[in-house]
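J.: Residue numbers (the numbering used here): 3 to 338.
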Amino acid sequence: NDKELPFHGELTVHVADSGYGNARYPSPMGMYENGVAVVRVIATRKFHRDISGTVEHVGAGRPKCFGEVFRLNDESTWWEPDEEVCFEIVTKKGKRLWVKLRRWNDLLMRGKKDAPMYNRPFDLICCQVLNEDGTLAFKNALWLTISGKRRREISSRDAYEAYRQRYDMEHFFRFGKSKLLLDDSQTCELEHEESWWELGCLAYTQLWLAAPLAEKIPRPCRAVQFSWRKREITRSDWGFPGKSALCRPGDRRSQGELNSPARPWEKNKQQFKDATIPGPAHVQRDFARIIRAFGTPAVSPKPRGNSPGRKKGYSPGRRVPRNVIYKGGSPPKKVA
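1. Cys339: buried (16+ other C-beta within 10 angstroms of its C-beta) or exposed?
2. Using three-state DSSP, classify Arg320 as helix, strand or coil.
3. Taking the CB atoms as reference points, tell me whether Lys102 and Leu132 lie closer together than 8 Å.
4. Output yes or no for whether 8 Å exceeds the beta carbon distance between Lys218 and Pro280.
5. According to DSSP, is Lys48 helix, strand or coil?
6. Between Gly297, Pro214, Gly23, Glu12, which lies nearest to Leu110 when the distance is taken from Cα to Cα?
7. Out of curiosity, what's the CA-to-CA distance linking Pro310 and Leu215?
8. For Glu155, which option in Gly202, Ser187, Asn107 has the closest C-alpha, if you only look at C-alpha atoms?
9. Using only CA atoms, which one of Ala295, Ser149, Pro222, Gly96 lies nearest to Asn36?
10. Does Glu12 come out as helix, strand or coil in the three-state DSSP assignment?
11. Would Val15 and Val40 be called neighbours here (beta carbons separated by less than 8 Å)?
12. Going by the DSSP bridge assignment, what does Ala89 pair with across the sheet?
13. Rounded to whole angstroms, what's the CA-CA distance from Phe174 to Pro220? Just pull it up for me.
14. Taking only the alpha-carbon atoms, compute the straight-line gap between Glu70 and Arg51 and give it to the nearest angstrom.
15. Is Val285 helix, strand or coil by DSSP?
16. With distances taken between CB atoms, is the gap from Ser158 to Glu85 smaller than 8 Å?
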């Protein structure tokens with residue numbers, strides 16, 4: 003609802019994992035006109051058919067809205083889907099698979115006192131991947147829910163493709179925390195934390211843009227593996243121009259035995275050669291050479307005098323003390 007955002011008034015899709023499959027996440031999402039949430043749910047959940055407005059209300063109390071039960075792990079409780087889509091995909095290894103999507107519209111889940119769901123219908127999608135012979139490629143199906151007032155504008159295939167992009171996001175989070183220091187910024191200001199995350203995202207984008215320019219540099223541990231085999235390693239072993247590898251004196255194996263692909267370290271080397279686009283870790287190891295080739299538009303630093311510093315008698319004051327929030331702690335007690 004922020005009018006300053008560039009996508010204000012446009013359809014916005016949020017994708018979340020099964021940790022957000024409870025009522026506390028989709029319930030407030032129903033208040034937004036242009037917000038749609040694609041959330042994964044575990045296979046042990048149960049939902050209900052929405053019968054609000056279809057059954058005549060007799061007597062006192064609230065009209066019924068929860069109909070027959072739909073159990074995800076019990077196929078006998080499923081009714082005919084409202085939509086069924088099947089399309090072909092090809093993996094990166096060239097394997098052909100079929101994706102079968104079944105969609106049920108207008109289901110309800112049980113809510114909470116502070117997160118009602120009786121007026122928040124959603125659509126349910128069952129995603130199954132099949133081999134060419136019709137057998138299941140994966141034992142368990144993927145269940146997705148689409149909630150929001152404009153959920154019908156999201157097709158079943160678009161919802162499936164949107165959730166598949168989460169695997170790339172998970173890789174970014176893991177790589178960013180271990181290599182880009184995303185979670186190592188210690189600050190008390192929320193604005194500083196957000197700026198630090200934006201800087202990490204920009205760094206990851208730079209690695210992606212520089213991937214075609216990166217050279218394949220092995221890790222230092224791989225050189226140890228090669229030296230353990232008593233073989234001189236040169237740049238030609240990694241696809242770079244240079245002298246050919248030579249056997250050290252005392253090595254009884256022939257050159258053909260040394261190049262045999264049966265050894266694990268040789269298989270890793272061949273996979274390293276066959277990679278068309280290096281990963282972010284490979285690019286990061288070679289990024290110092292790439293950034294030096296670009297140069298910088300900044301001028302050389304020069305002394306401009308001493309900074310005046312703070313004025314005499316100025317004091318920024320003490321920070322407001324905050325309580326430490328521990329992960330997994332009990333929620334604060336509500337005061338009546």
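Backbone N, C-alpha and C fix where the C-beta goes; we use that ideal spot for every residue, glycine too.
For clarity, every value in this text was computed on a predicted model and none was experimentally measured.
T.: Result, derived from the coordinates:
1. There is simply no residue 339 to check, as the chain begins at 3 and stops at 338 in what is shown.
2. Note: Arg320 maps to coil in three-state DSSP.
3. In this structure, Leu132 lies closer than 8 Å to Lys102 by Cβ.
4. With contacts defined by Cβ atoms closer than 8 Å, Lys218 and Pro280 form a contacting pair.
5. Correct three-state label for Lys48: strand.
6. With distances taken between Cα atoms, Leu110 lies closest to Gly23.
7. In this model, Pro310 and Leu215 are separated by some 45 Å (Cα to Cα).
8. The option with the nearest alpha carbon to Glu155 is Asn107.
9. With distances taken between CA atoms, Asn36 lies nearest to Ser149 out of Ala295, Ser149, Pro222, Gly96.
10. DSSP, read as helix, strand or coil, puts Glu12 in coil.
11. Taking 8 Å as the cut-off, the Cβ atoms of Val15 and Val40 count as close.
12. First, the amino acid is wrong: residue 89 is Phe here, not Ala. Note: Phe89 is bridge-paired with Val101 in the DSSP secondary-structure output.
13. A direct Cα-to-Cα measurement between Phe174 and Pro220 gives close to 22 Å.
14. Distance between the alpha carbons of Glu70 and Arg51: 6 Å.
15. Residue state, collapsed to three classes: helix.
16. Less than 8 Å separates the beta-carbon of Ser158 from that of Glu85.
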